[in-house]
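Data block below; observations after.
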Amino acid sequence: MAGKYNRSYFIKSVPSLADAPADDGAEVAFAGRSNAGKSSAINAITGIGKLARTSKMPGRTQHLVFFGVDDNRRLVDLPGYGYARVSEQIKDQWQRNMEDYLRQRQSLRGLVLLMDIRHPLTAYDQQMLDWCAQAGLAVHVLLTKVDKVKRGAAANALMQVRNALKTMAGQGSAQTFSALKKLGIEEAEAILDRWLTTNDGNGLR
Ligand SMILES: Nc1nc2c(ncn2[C@@H]2O[C@H](COP(=O)(O)OP(=O)(O)OP(=O)(O)O)[C@@H](O)[C@H]2O)c(=O)[nH]1
Ligand SMILES: [Mg+2]
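The opening position of the sequence shown corresponds to residue 13 in our numbering, with each subsequent residue numbered one higher.
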């Protein structure tokens, strides 16, 4: 059902986990290489065009950005990685931030991992998958910008990623996605719905 996320709102943008909102309720995070389309995907799924800031210039912000879906549920736009021109110091900081977040965040129900369909499974993507497997965290891969490739190439990339996910200990799934053409929104929403439904069976209305 469309429109479940359309009342989402900005909560806060923080440089590290210490400043994050209270760790209660349920949360889903969006991770991926800089420029993969994390912020665009959040905007497409919520249907709120300028909720998350998008940019043609990768690697600008290293903040974790929290959005409320309602009082108990959040979406998080994580810092992008793999941008060559950031310093080693920032890369180290990113690693610490991500590991802390994935290990410590109690309310985290699953990770949406975005990969540009033209360059899937980079070393950093693999590292994210490994961390999720170690943490027993569910992962759903969005192969973004599917509007940029031909049907056959899209199918190949999807197969390649699904094969990589099979080797993971945790649960993993994948789909193709386009924020631009609004492709794959309902499939992605269904995953969020499942993850964000709390233990008392209290789903989103
Ligand atoms: N063609 C096409 N372009 C897209 C799509 N999604 C995002 N983009 C473009 O890709 C660029 C990066 O998108 P963002 O959503 O800002 O990427 P991000 O992952 O949030 O990047 P960082 O915040 O730097 O980590 C922008 O120019 C978007 O317009 C898509 O589905 N199709
Ligand atoms: Mg972004």
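Yeah, the Cβ is synthetic: ideal placement off N, Cα and C, and Gly gets one too.
query: If you count every other CB in all the chains shown that lies within 10 Å of the CB of glycine 122, and 16 or more means buried, which is it?
result: buried
message: So the candidates are Thr188, Ser28 and Ala202; which of them puts its Cα closest to the Cα of leucine 76?
response: Ser28
- prompt: What span of residues does the beta strand (DSSP E) with glycine 164 cover, start to end?
  reply: Per DSSP, glycine 164 belongs to no beta strand (DSSP E); it is in the alpha helix (DSSP H), 163-178.
field: Opening and closing residue of the alpha helix (DSSP H) in which threonine 58 lies
entry: 50-58
message: Quick check on the burial criterion: 16 or more other C-beta atoms within 10 angstroms. Buried or exposed for methionine 127?
response: buried
message: Excluding the 5 residues flanking tryptophan 207 on each side, which residues of the same chain have their C-beta closer than 8 Å to its C-beta?
response: Ala38, Val40, Arg121, Gly122 and Ala150
field: ligand 2 heavy atom lying under 6 Å from the CB of lysine 50
entry: yes
- prompt: Can you find a heavy atom of ligand 1 that lies under 6 Å from the Cβ of asparagine 47?
  reply: yes
Touching by the beta-carbon criterion (3+ pairs, under 8 Å), the segment 111-121 and the segment 62-69: no
task: Put valine 151 into one of helix, strand or coil per three-state DSSP.
output: strand
field: Top-ranked residue by Cα proximity to serine 185, from Ala165, Arg85 and Leu155
entry: Leu155
message: If I follow the unbroken beta strand (DSSP E) through isoleucine 23, where does it start and stop?
response: 21-26
message: Helix, strand or coil, according to DSSP, for aspartate 142 in the structure here?
response: helix
query: Do the segment 157-170 and the segment 86-106 touch if we need at least three Cβ pairs shorter than 8 Å?
result: no
- prompt: Regarding serine 25 and ligand 1, is the C-beta to nearest heavy atom distance less than 6 Å?
  reply: no
- request: Put alanine 41 into one of helix, strand or coil per three-state DSSP.
  value: strand
field: Selected residue, minimal CA-CA separation from tyrosine 93, among Gly49, Asn175, Ala64 and Lys178
entry: Gly49
message: I need the straight-line Cα distance from lysine 24 to glycine 80, nearest angstrom please.
response: 9 Å
message: Taking the beta carbon of methionine 171 as the centre, do at least 16 other beta carbons fall within 10 Å, making it buried, or is it exposed?
response: exposed
- prompt: By how many angstroms is the C-alpha of asparagine 18 removed from the C-alpha of glycine 213?
  reply: The pLDDT assigned to glycine 213 is 49, lower than 50, so where the model puts this residue is not dependable; a value taken from the coordinates is nonetheless given after this. Cα to Cα, the separation comes out at about 21 Å.
field: Nearest neighbour of aspartate 35, chosen from Phe78, Asp159 and Gly61 [CA to CA]
entry: Phe78
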